[in-house]
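Undergrad:
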Amino acid sequence: MNRYDAIIIGTGQAGPSLAERLAGSGMQVAVIERGRFGGTCVNNGCTPTKTLIASAYAAHMARRAADYGVESGAVKVDMPQVKARKDALVERSTSSLEKWLSTLPNVHVFRGQARFIGSRTVAVGAETLTAERVFIDVGGRPYVPELPGVRQVPYLTSESMMDVDFVPAHLLIVGGSYVGLEFGQMYRRFGSRVTIIEMAPRLVHREDPEVSEAIRDILAAEGIEIRLDARCLALESAPEGVRVEVDCSVGAPSVPGTHVLLAVGRAPNTDGLGLREAGIETDAHGYVKVDETLATSAQNVYALGDCNGRGAFTHTAYNDYEIVADNLLNGAHRKVSDRIPIYALFTDPPLGRLGRTEAEARQEGYDILIGRMPMTDVARARERGETQGFMKVLVDARSKQILGAAILGVGGDEVVHSLVDAMYGHLPYTVVQHGVRIHPTVSELIPTMLGELAPLKQG
Ligand SMILES: Cc1cc2nc3c(=O)[nH]c(=O)nc-3n(C[C@H](O)[C@H](O)[C@H](O)COP(=O)(O)OP(=O)(O)OC[C@H]3O[C@@H](n4cnc5c(N)ncnc54)[C@H](O)[C@@H]3O)c2cc1C
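Under numbering that gives the first Met the number 0, think of the first position of the sequence shown as 0, with each following residue one higher.
#1: Sorted by chain position, which residues of the same chain lie with C-beta nearer than 6 Å to Cys375's C-beta, five sequence neighbours on each side aside?
#2: Taking 6 Å as the line, does the beta carbon of Glu97 fall inside it for any heavy atom of ligand 1?
#3: Among all the DSSP beta bridges, which residues are the ones paired with Pro454?
#4: Kindly indicate the opening and closing residues of the beta strand (DSSP E) around His258.
#5: Measure the C-alpha to C-alpha separation of Thr281 and Glu197 and round it to an integer number of angstroms.
#6: Nearest-angstrom Cα distance between Arg309 and Gln400?
#7: Thr93 and Arg35 look like a contact to me (Cβ under 8 Å); what is the Cβ gap, rounded to whole Å?
#8: Would you call the stretch 137-150 in contact with the stretch 15-24, where contact means no fewer than 3 C-beta pairs closer than 8 Å?
#9: What separation, rounded to the nearest whole angstrom, lies between the Cα atoms of Cys45 and Tyr56?
#10: Beta strand (DSSP E) containing Phe189: first to last residue?
#11: How about Ser157: is its Cβ closer than 6 Å to a heavy atom in ligand 1?
#12: Whole angstroms is fine: what's the gap from Ala343's alpha carbon to Leu260's?
#13: Excluding the five sequence neighbours on either side, which residues of its own chain have a C-beta within less than 7 Å of the C-beta of Tyr459, listed in chain order?
#14: Output needed for Val74: all residues of its chain with C-beta closer than 7 Å, excluding positions within five of it in sequence on either side, in chain order.
#15: Just to check, is the beta-carbon of Asp270 closer than 6 Å to a non-hydrogen atom of ligand 1?
#16: Between Leu368 and the rest of its own chain, which residues show a CB-CB distance below 8 Å, the 5 nearest in sequence each way excluded?
#17: Would you mind stating whether Val414 and Val441 have Cβ atoms separated by less than 7 Å?
#18: For Gln432, which three-state DSSP category applies?
#19: Would you say Val259 lies against chain C (beta-carbon separation less than 7 Å)?
#20: Helix, strand or coil for Arg114, going by three-state DSSP, please let me know.
#21: With a 10 Å radius around its C-beta and 16 neighbouring C-beta atoms as the bar for buried, classify Ser448 as buried or exposed.
#22: From Val287 to Ile279, what does the alpha carbon distance come to, in whole angstroms?
#23: In terms of residues, what are the limits of the alpha helix (DSSP H) holding Asn1?
#24: On the CB-based measure, 16 or more other CB atoms within 10 Å of its CB, does Leu231 come out buried or exposed?
#25: In whole angstroms, what separates the C-alpha of Gln112 from that of Thr50?
#26: How would you label His169, buried or exposed, when you count the other beta carbons within 10 angstroms and need 16 or more for buried?
#27: Identify which residue in Leu88, Asn105, Met78, Ala65 has its Cα closest to the Cα of Ser24.
#28: If you run the structure through DSSP and keep just helix, strand and coil, what is Arg62?
#29: Take the Cβ of Ile8 as the centre, count every other Cβ of all protein chains shown within 10 Å, and call the residue buried at 16 or more, exposed below.
#30: Can you tell me which of the three DSSP states Lys75 falls into?
#31: My assumption, with CB atoms under 8 Å, is that Glu276 sits in contact with Ile135. Please give the rounded CB distance.
#32: According to DSSP, is Gln362 helix, strand or coil?
#33: Per DSSP, which residues does Gly173 bridge with? Please list them.
#34: Using the C-alpha atoms, what's the distance from Ala262 back to Glu244?
#35: Would you list the one or two residues that DSSP bridges to Tyr342?
#36: Select from Val193, Thr194, Pro208 the residue whose C-alpha is nearest the C-alpha of Pro200.
Here's what the structure looks like:
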């Protein structure tokens, strides 16, 4: 039996930093990884998709060159080269992480599938490890629904998309949410015909309807076909490759294409981990149940990152590490509920989202003031020739505090941060409104928008 102070399962976005912090405090730390170091974000998520999106943006802007008075020839996308650029970035990140972790003092790296055989005892290969504390950071994988035909027809997921080095003639994407939309716009710009098929009546249905509609318009303007209300989905082979039965309320009942990407959500990697044997409870979807400090139902066992269902982003997984490390090592009392939701959809233009949607703010009973501004009113957006989208901010009329924001427009993923500190600081919006900002930027219009707040009409 190998005894440690801590065992960390998974090297995603929480595990490696936690290993360094614990080892730095003198603990002996075992780290177990069954796949590529860095987990989803580095290998199949943020890093590769944002790298591919950059290539797609270059192709898009090259096609738009004439709008800027620039001549360019016919635009050709070299997919093997696009993929090679992505692979090089991913390889650099994963191998440097593996090297760094493997050489950290007090850290002992084990490769293989971890499985609990007791509450704080874990088997990996032929080894049995035990520790005072165990940290589960096993992340998730693409969820594959049991659609009729799914076992007969080849399909792609966000993971297998990473191996694609060609431009599919007609890519069908089942799922009109964050992952599906990013791939959809990317492949349209690479030159594919793209059809996005969504079961809900609108895209990114967790967002406010006006955000969904604006995104739909932006994608449709690029020639992306969108099928909403697609219920009773089924896959079948077709002469061109694959056909998705959609049973839409409008239009043809099935959509043929050459390839299909299933982008309908994620499932936690908690099966096969022996959680029950360790007395670690999960919810009906397999997410590890945690309290506000990310402690599980088993003593001294914590779950961090996507597998605890309290976040689905790299920054939330990393924040989980910060909460756990600060509480354990510094005697802090940090809680996961102290975190304000913030994320982006990396379409072009991106959507930066902060705090509550309108529906959430209404449900919580706030007396809401709203500020809106189309991106056509933003000088920087006009100068850049990128005026799609709009910004909006919600404010509590009583406390004057910011409730949430959606910035769909050029730089929206960055601009949204200019409101987050005011929310963390519980500042009245007037503090932001009265601050002077750089001209010409998109951010400079945030104070203007806050100066034009009006009561939200109840709808
Ligand atoms: C296509 C796509 C794009 C994304 N883009 C973004 C983005 O732009 N911004 C953003 O913030 N987030 C993005 N995400 C989400 C982000 O990747 C995840 O939220 C993040 O990686 C979660 O980190 P994690 O530490 O929870 O788990 P993961 O990164 O999934 O890491 C878990 C690790 O645990 C290992 N593991 C699992 N089970 C075991 C076991 N039994 N034994 C040993 N090892 C095990 C896995 O091999 C893996 O390395 C994206 C996700 C996808 C799919």
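We put the beta carbon where it would ideally sit given N, CA and C, even for glycine.
TA: The short version:
#1: Residue numbering aside, residue 375 sits at position 376 when the sequence shown is read from its first letter. It is Thr, not Cys, that sits at residue 375 in the sequence shown. Excluding sequence neighbours, Thr375 sits near Thr386.
#2: As a working mapping, residue 97 is identified with position 98 in the sequence shown. It does not: the Cβ of Glu97 is nowhere closer than 6 Å to a heavy atom of ligand 1.
#3: Taking the first residue of the sequence shown as position 1, residue 454 is located at position 455. Among the bridge pairs identified by DSSP, Pro454 is matched with Leu368.
#4: Locating residue 258 in the sequence shown gives position 259, where the first residue counts as 1. Counting along the chain, the beta strand (DSSP E) containing His258 begins and ends at 258-261.
#5: Numbered from 1 along the sequence shown, position 282 holds the residue referred to as residue 281. Numbered from 1 along the sequence shown, position 198 holds the residue referred to as residue 197. Taking the straight line from one Cα to the other gives about 29 Å.
#6: As a working note, residue 309 is residue 310 in the sequence shown. As a working note, residue 400 is residue 401 in the sequence shown. Taking the straight line joining both Cα atoms gives about 24 Å.
#7: The residue given as residue 93 occupies position 94 in the sequence shown. The residue given as residue 35 occupies position 36 in the sequence shown. Contact between Thr93 and Arg35 holds, since their C-beta atoms are separated by about 5 Å, short of 8 Å.
#8: Remark: fewer than three beta-carbon pairs, one from each stretch, lie closer than 8 Å, so the stretch 137-150 and the stretch 15-24 are not flagged as touching.
#9: Your numbering for residue 45 matches position 46 in the sequence shown. Your numbering for residue 56 matches position 57 in the sequence shown. Whole-angstrom Cα-Cα distance: 16 Å.
#10: Walking along the sequence shown from the start, residue 189 turns up at place 190. For Phe189, there is no enclosing beta strand (DSSP E); the enclosing alpha helix (DSSP H) has its first and last residue at 177-189.
#11: Position 158 of the sequence shown, counted from the first residue, corresponds to residue 157. Remark: the shortest separation between the CB of Ser157 and any heavy atom of ligand 1 falls under 6 Å.
#12: Sequence index remark: in the sequence shown, residue 343 carries index 344 (1-based). Sequence index remark: in the sequence shown, residue 260 carries index 261 (1-based). Taking the straight line from one Cα to the other gives about 21 Å.
#13: This structure leaves residue 459 out entirely; the chain is present only between 0 and 458.
#14: In the sequence shown, the residue the question calls residue 74 occupies position 75. Around Val74: Ala58, Ala61, Arg62.
#15: Position 271 of the sequence shown, counted from the start, is the residue given in the question as residue 270. For ligand 1, not one heavy atom lies less than 6 Å from the Cβ of Asp270.
#16: Position 369 of the sequence shown holds residue 368. Taken in chain order, the residues that qualify are Leu393, Val394, Asp395, Ala396, Leu452, Ala453, Pro454, Leu455.
#17: Taking the sequence shown and counting its residues from 1, one reaches residue 414 at position 415. Taking the sequence shown and counting its residues from 1, one reaches residue 441 at position 442. The Cβ atoms of Val414 and Val441 lie closer than 7 Å to each other.
#18: Translated into positions along the sequence shown, residue 432 becomes position 433. Of the three classes helix, strand and coil, the one that applies to Gln432 here is helix, per DSSP.
#19: Among the chains in the structure shown there is no chain C, since it carries only a single protein chain.
#20: As a first step, residue 114 must be located in the sequence shown, where it is residue number 115. Reduced to three states, the DSSP call for Arg114 is strand.
#21: Position 449 of the sequence shown, counted from the start, is the residue given in the question as residue 448. This sequence places Met at residue 448; Ser is not what is there. It is buried - the Cβ of Met448 has at least 16 other Cβ atoms within 10 Å.
#22: Counting from one through the sequence shown, the residue named residue 287 turns up at place 288. Counting from one through the sequence shown, the residue named residue 279 turns up at place 280. Cα-Cα distance, rounded: 7 Å.
#23: By one-based count along the sequence shown, residue 1 stands at place 2. No alpha helix (DSSP H) contains Asn1, which is instead part of the beta strand (DSSP E) from 1-8.
#24: Counting from 1 along the sequence shown, the entry for residue 231 is found at position 232. Here the sequence assigns Cys to residue 231, which means Leu is not the residue at that position. When all chains shown are included, Cys231 counts as exposed.
#25: To locate residue 112, count along the sequence shown from 1; it is residue 113. To locate residue 50, count along the sequence shown from 1; it is residue 51. Cα-Cα distance, rounded: 29 Å.
#26: The sequence position of residue 169 within the sequence shown is 170, counting from 1. Flag for His169 reads buried.
#27: Counting from 1 along the sequence shown, the entry for residue 24 is found at position 25. Distances from the alpha-carbon of Ser24 to those of Leu88, Asn105, Met78, Ala65 put Asn105 closest.
#28: Residue numbering aside, residue 62 sits at position 63 when the sequence shown is read from its first letter. For Arg62, the secondary structure class from DSSP, reduced to helix, strand or coil, is helix.
#29: Here residue 8 refers to the residue found at position 9 when the sequence shown is read from its first residue. Under this definition Ile8 is a buried residue.
#30: Here residue 75 refers to the residue found at position 76 when the sequence shown is read from its first residue. Here Lys75 sits in coil by DSSP.
#31: Start at 1 with the first residue of the sequence shown, and residue 276 comes out as number 277. Start at 1 with the first residue of the sequence shown, and residue 135 comes out as number 136. The distance from the Cβ of Glu276 to that of Ile135 is about 14 Å, inconsistent with a contact at the 8 Å cut-off.
#32: Here the question's residue 362 lines up with position 363 in the sequence shown. Three-state result, Gln362: helix.
#33: Within the sequence shown, numbered from 1, the residue matching residue 173 stands at position 174. According to the sequence as given, residue 173 is Val; it is not Gly. In the DSSP output, where bridge partners are listed per residue, Val173 has Ile196, Leu261.
#34: What you label residue 244 is simply residue 245 of the sequence shown in a count that begins at 1. What you label residue 262 is simply residue 263 of the sequence shown in a count that begins at 1. Approximately 16 Å between the Cα atoms of the pair.
#35: The residue labelled residue 342 in the question sits at position 343 within the sequence shown. Bridge partners of Tyr342: Arg352.
#36: The residue labelled residue 200 in the question sits at position 201 within the sequence shown. Answer by Cα proximity: Pro208.
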